[in-house]
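Chains A and B, in that order, are what the protein sequence lines are. The working numbering puts the first residue of the first sequence at 2, with every later residue one more than the last. The working numbering puts the first residue of the second sequence at 13, with every later residue one more than the last. Below you'll find the structure, written out as structure tokens, and then a few comments.
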Amino acid sequence: FVLTPGNPRWENTNLTYRIENYTPDLSRADVDQAIEKAFQLWSNVTPLTFTKVSEGQADIMISFVRGDHRDNSPFDGPGGNLAHAFQPGAGIGGDAHFDDDEWWTSNFQDYNLYRVAAHEFGHSLGLAHSTDIGALMYPSYTFSGDVQLSQDDIDGIQAIYGPSQNPTQPVGPQTPEVCDSKLTFDAITTIRGEVMFFKDRFYMRTNPLYPEVELNFISVFWPQLPNGLQAAYEVADRDEVRFFKGNKYWAVKGQDVLRGYPRDIYRSFGFPRTVKSIDAAVSEEDTGKTYFFVANKCWRYDEYKQSMDAGYPKMIAEDFPGIGNKVDAVFQKGGFFYFFHGRRQYKFDPKTKRILTLLKANSWFNC
Amino acid sequence: SHGFPAATSETQEQDVEMVKKYLENYYNLNSNGKKVERQRNGGLVTEKLKQMQKFFGLRVTGKPDAETLNVMKQPRCGVPDVAP
Chain A
2 FVLTPGNPRW
12 ENTNLTYRIE
22 NYTPDLSRAD
32 VDQAIEKAFQ
42 LWSNVTPLTF
52 TKVSEGQADI
62 MISFVRGDHR
72 DNSPFDGPGG
82 NLAHAFQPGA
92 GIGGDAHFDD
102 DEWWTSNFQD
112 YNLYRVAAHE
122 FGHSLGLAHS
132 TDIGALMYPS
142 YTFSGDVQLS
152 QDDIDGIQAI
162 YGPSQNPTQP
172 VGPQTPEVCD
182 SKLTFDAITT
192 IRGEVMFFKD
202 RFYMRTNPLY
212 PEVELNFISV
222 FWPQLPNGLQ
232 AAYEVADRDE
242 VRFFKGNKYW
252 AVKGQDVLRG
262 YPRDIYRSFG
272 FPRTVKSIDA
282 AVSEEDTGKT
292 YFFVANKCWR
302 YDEYKQSMDA
312 GYPKMIAEDF
322 PGIGNKVDAV
332 FQKGGFFYFF
342 HGRRQYKFDP
352 KTKRILTLLK
362 ANSWFNC
Chain B
13 SHGFPAATSE
23 TQEQDVEMVK
33 KYLENYYNLN
43 SNGKKVERQR
53 NGGLVTEKLK
63 QMQKFFGLRV
73 TGKPDAETLN
83 VMKQPRCGVP
93 DVAP
């Protein structure tokens with residue numbers, strides 16, 4: 002996180018705000034609610050309080066304007082610059098302006114007012130932009146379905162105003178550090194020749210032409226998918242990737258989530274209802290056999306017959322000796338299976354049923 | 013088939029303009045300058061580009077590569093990323 006240079010802050014922590022005008026894109030009630038919720042995020046973690054006033058000068062004046070609106074920072078039409086806000090202080094200090102050449106929404110569509118307002122009010126309170134892509138105070142607009150302060154945002158605002166009086170201090174999600182030796186994964190899959198790693202709200206991928214690991218929100222590609230995916234595998238000859246969470250799964254082709262999903266794993270794959278979720282999955286390209294890992298057992302599904310093979314489930318150790326009795330994630334590359342459990346990764350040869358190498362979970366990230 | 017979203021594209025002329033505007037708006041690249049200054053400005057653009065690439069965790073090349081252009085095209089907050 003970064004504090005605004007000069008560390009401006011409000012000495013009086015009981016602040017007022019006023020919505021000077023309303024965008025025609027949303028009902029007044031929707032605008033009121035978005036603004037109120039955005040302030041609540043910050044008051045939940047600090048001693049700050051925010052009271053809405055309907056007339057006169059408030060500490061934080063909120064308005065919807067377009068183009069040059071005489072604050073020496075003109076807006077630029079649709080897209081690009083969405084909004085801005087001024088650091089704490091008298092007069093224009095703390096004020097937030099939203100570009101009314103944008104389309105403001107209360108859902109997934111660009112741009113979610115609650116999400117942008119939460120960011121701008123961070124500036125109104127004394128925060129500058131954060132380099133943490135998972136932080137609300139990151140400069141670029143991303144919307145991953147829920148609007149929440151990350152731990153980075155909480156640390157930043159509490160550096161200015163201290164914690165709230167709440168007996169339990171709220172915490173926020175941490176953004177994965179790709180070179181953190183403690184990094185573990187929720188799911189991993191190949192996808193059109195690449196490998197994608199999933200953790201919480203994020204995906205990570207490496208690109209042979211670009212040494213930096215790309216980390217971004219899953220919603221950048223698949224806004225309909227939930228966060229916290231649990232398993233994923235690719236059926237390469239159908240150019241399809243399947244994502245699992247709980248007893249549901251989604252199928253995507255490139256960036257498109259296929260119609261009619263999510264479906265349940267019972268009807269589609271024949272799992273018994275005792276199976277509540279899948280830990281990991283991988284499909285062997287040359288045999289069309291897909292292995293599902295559930296607790297200490299594994300199931301084998303035939304993609305051609307579209308049914309479970311007889312004799313399953315088996316203990317994981319029977320088909321995959323040496324990899325332990327729990328799998329977080331697995332993918333296939335170059336004829337080998339790469340199994341992940343905690344910080345460990347096993348390179349496994351399914352033909353000889355032997356572990357070839359023991360690696361760190363994040364060995365693919367050139368740390 | 014359209015490859016899984018991979019960014020590649022030569023730097024188009026309008027991208028050069030976009031880079032300059034982005035750096036002026038968010039990285040305090042000053043927009044005035046006579047010819048001589050503009051040359052120096054070229055060095056300044058490289059420096060500001062590196063600052064932006066570092067901020068966004070991109071490879072610090074000082075050149076407007078595809079990943080850098082991709083970030084610059086994303087909608088964002090109008091507040092600069094660096095102190096005035």
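We put the beta carbon where it would ideally sit given N, CA and C, even for glycine. Keep in mind that this is a model prediction, so the values were computed, not measured.
Worksheet item: Are the C-beta of Val295 of chain A and some C-beta of chain B separated by less than 9 Å?
Response: no
Practice prompt. Have a look at A:Thr47, A:Val258 and A:Trp300 and flag the residue whose alpha-carbon is nearest the alpha-carbon of Asp156 of chain A.
Written response: The residue with the shortest Cα to Cα distance from Asp156 of chain A is A:Thr47.
Item to complete: Give the secondary structure of Phe2 of chain A by DSSP, where H, G and I count as helix, E and B as strand, and everything else as coil.
Response: coil
Worksheet item: Between Tyr204 of chain A and the rest of its own chain, which residues show a CB-CB distance below 6 Å, the 5 nearest in sequence each way excluded?
Response: Met197 and Ile219
Worksheet entry | Inter-residue spacing [alpha-carbon to alpha-carbon] between Val283 of chain A and Asp153 of chain A | 35 Å
Worksheet item: Is DSSP giving Asn37 of chain B helix, strand or coil here?
Response: helix
Item to complete: Say whether chain A places a C-beta atom closer than 9 Å to the C-beta of Gln26 of chain B.
Response: no
Worksheet item: Along the chain, where does the beta strand (DSSP E) that runs through Asn217 of chain A open and close?
Response: Tyr211 to Phe218
Worksheet item: Hey, is Val91 of chain B's beta-carbon within less than 9 Å of any beta-carbon in chain A?
Response: yes
Fill in: Partners in chain B for Pro6 of chain A, counting only beta-carbon separations shorter than 7 Å
Those within 7 Å of Pro6 of chain A in chain B are Ala95.
Practice prompt. Specify whether the region 92 to 111 of chain A and the region 182 to 200 of chain A touch according to this definition: at least 3 beta carbon pairs, one from each stretch, less than 8 Å apart.
Written response: no
Discussion item. In the DSSP output, which residue or residues are listed as bridge partners for Trp105 of chain A?
Written reply: In the DSSP output, where bridge partners are listed per residue, Trp105 of chain A has none listed.
Item to complete: Kindly indicate if chain B contains any beta-carbon less than 9 Å away from that of Phe40 of chain A.
Response: no
Discussion item. If I follow the unbroken beta strand (DSSP E) through Ala282 of chain A, where does it start and stop?
Written reply: Ala281 to Glu285
Item to complete: Kindly indicate which three-state DSSP category His120 of chain A falls into: helix, strand or coil?
Response: helix
Discussion item. Going by beta-carbon coordinates alone, are Gln346 of chain A and Lys361 of chain A separated by less than 9 Å?
Written reply: yes
Worksheet entry | Spatial distance of Asp201 of chain A from Phe222 of chain A (CA atoms) | 15 Å
Practice prompt. Give a yes or no on whether the minimum CB-CB distance between Asp100 of chain A and chain B is below 9 Å.
Written response: yes
Worksheet item: Out of curiosity, what's the CA-to-CA distance linking Asn42 of chain B and Arg29 of chain A?
Response: In a straight line, the C-alpha of Asn42 of chain B is about 40 Å away from that of Arg29 of chain A.
Item to complete: Sort out for me which residues DSSP pairs Gln346 of chain A with in a bridge.
Response: For Gln346 of chain A, DSSP records a beta bridge to A:Phe341 and A:Leu360.
Fill in: Straight-line Cα distance separating Gly78 of chain A from Gln26 of chain B
When rounded, the distance between both Cα atoms is 17 Å.
Worksheet entry | Chain-order list of residues whose beta-carbon lies under 7 Å from that of Thr353 of chain A (same chain, five-residue window excluded) | none
Worksheet item: Of all the residues that make up the region 75 to 91 of chain B, which are near chain A by a beta-carbon distance shorter than 8 Å?
Response: Glu79, Val83, Gln86, Pro87, Arg88, Cys89, Gly90 and Val91
Fill in: Euclidean distance between Cα positions of Phe293 of chain A and Tyr139 of chain A
37 Å
Item to complete: Kindly give me the distance between the Cβ atoms of Ser151 of chain A and Val3 of chain A, rounded to whole angstroms, as I take these residues to be in contact under 8 Å.
Response: Contact flag wrong, Cβ pair sits at about 14 Å.
Worksheet entry | Proximal chain B residues relative to Ser74 of chain A, where beta-carbon distance stays under 8 Å | Result: Gly90.
Item to complete: Tell me, please, which residues DSSP counts as bridged to Trp300 of chain A.
Response: A:Phe293
Worksheet entry | Boundaries (first-last residue) of the alpha helix (DSSP H) holding Glu178 of chain A | Counting along the chain, Glu178 of chain A falls outside any alpha helix (DSSP H), and DSSP gives it neither H nor E.
Worksheet item: Hey, quick one: how far does the alpha helix (DSSP H) through Lys38 of chain A stretch, first residue to last?
Response: Counting along the chain, the alpha helix (DSSP H) containing Lys38 of chain A begins and ends at Arg29 to Ser44.
Practice prompt. Just confirm the distance between the C-beta atoms of Arg116 of chain A and Val148 of chain A, as a whole number of angstroms; I'd bet it's less than 8 Å.
Written response: 5 Å
Worksheet item: What does DSSP give as the partner residues of Met309 of chain A in its beta bridges?
Response: A:Tyr302
Practice prompt. Just grab the DSSP bridge partners of Phe99 of chain A for me.
Written response: Answer is A:Phe65 and A:Ala84.
Practice prompt. Assign Asn113 of chain A to buried or exposed, taking buried as 16 or more other Cβ atoms, counted over all protein chains shown, within 10 Å of its Cβ.
Written response: Flag for Asn113 of chain A reads buried.
Discussion item. Taking the straight line between their C-alpha atoms, what separation do you get for Trp43 of chain A and Pro177 of chain A?
Written reply: As the crow flies, the alpha-carbon of Trp43 of chain A is around 23 Å from that of Pro177 of chain A.
Worksheet item: Thinking just about the alpha-carbon of each residue, which of A:Pro75, A:His85, A:Thr190 and A:Leu126 is nearest to the one in Ile49 of chain A?
Response: The question names Ile, but residue 49 of chain A in the sequence shown is Leu. The shortest C-alpha separation from Leu49 of chain A is found at A:Leu126.
Worksheet item: Taking any Cβ of chain A, which residues in the region 59 to 72 of chain B have a Cβ under 8 Å from it, in chain order?
Response: Phe67, Phe68, Gly69, Leu70 and Arg71
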